[in-house]
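Here is the structure we will look at, set down as structure tokens.
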Amino acid sequence: MRYLTAGESHGKQLTTIIEGVPASLPLTSDEINESLLRRQKGHGRGKRMQIEKDLVDIAGGVRHGYTLGSPIALVIKNDDFKHWEDIMGEDPMEADAKMRRVVTRPRPGHADLNGAIKYGHRDMRNILERSSARETAARVAAGAVAKILLKNIGISIVGYVNEIAGIQAENAPDLTMDEKIAISEASPVRCLDREAGEKMMTAIDTAKKDGDSIGGVCEVFVEGMPAGIGSYVHYDQKLDARIAFAVQSINAFKGVEFGIGFEAARRNGSDVHDEIIWSEENGYRRKSNHLGGFEGGMTSGMPIVVKGVMKPIPTLYKPLQSVDIETKESFNASIERSDSCAVPAAAVVMEHVVAFEIANAILEQFPHDQFPKLKEAIDQYREEVRSF
Ligand code: EPS
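For the sequence shown, our numbering begins at 1 and goes up steadily by one.
Given below as structure tokens:
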């Protein structure tokens, strides 16, 4: 499977095209919309999310509730486009720079300046419109299809928030998957620890009041993966490496960890590697899951646990020093509208990009054009793993 997205933040629409989804997978827009709605929520979001109501239009590849095997086209309209038609329209436009809302002042930390240099644009709106995290709605749509495929083969996945502005949630190792989903969904910051969640909300309110932004750490937890998915044979077939790539590519993400992650550097090997046990009922298991479900680029059969670090959003009310690319004069960059914290939304985005990589790896290992045959192959593989 692979997907491409197109569309600008204040343009007409976002478009996602997914190729390689097997035929006869049950798929409706309701399930995709549920994912899109989850991404829009979260304490700390700005005014834009009150304008948008992200709803998908399935424009190809699905008929009567089932995938056809042909490319799936998903469209999300930008409601804000009605305010931007002149500025973002595709036709030639005779207007002055003010009318066009030309941007010549790059925001520190954003793609503005580097993108302008790369593409030779003197109007950095041509960069910021596409580099905006609005694009993550299109990625969530692709991931929602992957999640539906995974659900139908017994794999579930959830993303939540572990940390915002240094406030850390207590570990909750005993929660079931259903509890993780329900608790994070009920929390305005998608946190499994209620007390920490309250403090995170206060930190977000303070940042907003100060015109600042704050970042954090998201975690994605995947249950039901059989052992041996991915590969140790080539660098680009290692599934943990592919997940790291996908997570790192989410807007504003600066780092990825599996299991105990960087903490492994501080421990002895005997305190890192997960001991192997066996039982008639469950087959091979690990006594712990420090490695976050991966050994040698392949799944171990333990839950996948992956963390991603999101930096604070670079669009700030509080001015930071920058340079106007036309006048070369120094100025203090500030803006009219921004999210003060988008970590809760980013947890949903991360959940969906991880889902896509996992579904893709499964399809690579069990290539089937028809979903029922894929399901049969997975069931058989699970049986082989159990009795190995
Ligand atoms: C974003 C800036 C804000 C965010 C946007 C990402 O949009 P605007 O400039 O229209 O106020 O709301 O996020 C989304 C629109 C979204 O759907 O997540 C940015 O500069 O990256």
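Here a beta-carbon is modelled for each residue, glycine too, at the ideal position from N, C-alpha and C. The model shown is predicted, which means the values in this text are computed figures rather than measured ones.
Contacting residues, own chain, Cβ-Cβ under 7 angstroms from residue i (five flanking each side not counted)
i, result
"K180", "V158, Y160, L192, F221"
"A141", "T16, I32, L36, V56, L74, I76"
"R130", "E8"
"I229", "L239, M298, T299, A361, I362, Q365"
"G211", "L316, Y317, K318"
"M350", "G159, C218, V220, V247, I250, G308"
Residue i: CB within 7 angstroms of a non-hydrogen atom of the ligand EPS
i, result
"A265", "no"
"R134", "yes"
"G46", "yes"
"N114", "no"
"R38", "no"
"N251", "yes"
"Y337", "Sequence check: residue 337 is Arg here, not Tyr. Yes, since a heavy atom of the ligand EPS falls inside the 7 angstroms radius drawn around the Cβ of R337."
"T104", "no"
"L420", "Because the chain is modelled from 1 through 388, residue 420 falls outside the range shown and cannot be assessed."
"S389", "The structure shown does not extend to residue 389, since the chain spans only 1 to 388, so no value can be given for it."
"E52", "yes"
"D80", "yes"
"T16", "no"
"H10", "yes"
"A246", "no"
"M49", "yes"
"A346", "no"
"A137", "yes"
"T315", "yes"
Expected contact under 8 angstroms - CB spacing of residue i and residue j to nearest Å
i, j, result
"T67", "A111", "In fact, because the Cβ distance is near 34 angstroms, the residues do not count as touching under 8 angstroms."
"V75", "A59", "5 angstroms"
"G261", "K307", "6 angstroms"
"A342", "A133", "7 angstroms"
"R337", "K47", "6 angstroms"
"M177", "E223", "5 angstroms"
"G42", "P344", "3 angstroms"
"V102", "D123", "4 angstroms"
"G154", "S340", "Rounded, the Cβ-Cβ distance is 39 angstroms, inconsistent with contact."
"V309", "G259", "Not a contact, Cβ separation roughly 15 angstroms."
"G293", "I304", "4 angstroms"
"M200", "I148", "Not confirmed; about 30 angstroms, so no contact."
Residues near residue i by beta carbon distance below 6 angstroms, same chain, minus five either side
i, result
"E19", "R2, P71"
"E357", "R242, I243, A246"
"V354", "V220, I243"
"T391", "What is shown of the chain runs 1 to 388, which leaves residue 391 out entirely."
"A165", "A203, I214"
Exposure label - residue i; buried when at least 16 CB within 10 Å
i, result
"H234", "exposed"
"N282", "exposed"
"L4", "exposed"
"E275", "exposed"
"R39", "buried"
"S279", "exposed"
"E135", "buried"
"H352", "buried"
"K208", "buried"
"D91", "exposed"
"D54", "buried"
"A265", "exposed"
"N268", "exposed"
"M389", "With the chain represented from 1 up to 388, any question about residue 389 goes unanswered, as that position is not in the structure."
"P319", "exposed"
"H10", "buried"
"E257", "buried"
"I51", "exposed"
"S330", "exposed"
"E170", "exposed"
Beta-carbon proximity list for residue i, same chain, < 8 angstroms, skipping 5 on both sides
i, result
"P65", "Per the sequence presented here, residue 65 reads as Gly, with Pro not at that position. Excluding residues within five positions, the ones whose Cβ falls inside 8 angstroms are P26, L27, T28."
"H273", "H290, L291"
Residue i CB to nearest heavy atom of the ligand NAP below 7 angstroms
i, result
"A141", "Ligands in the displayed structure: the ligand EPS; the ligand NAP is not one of them."
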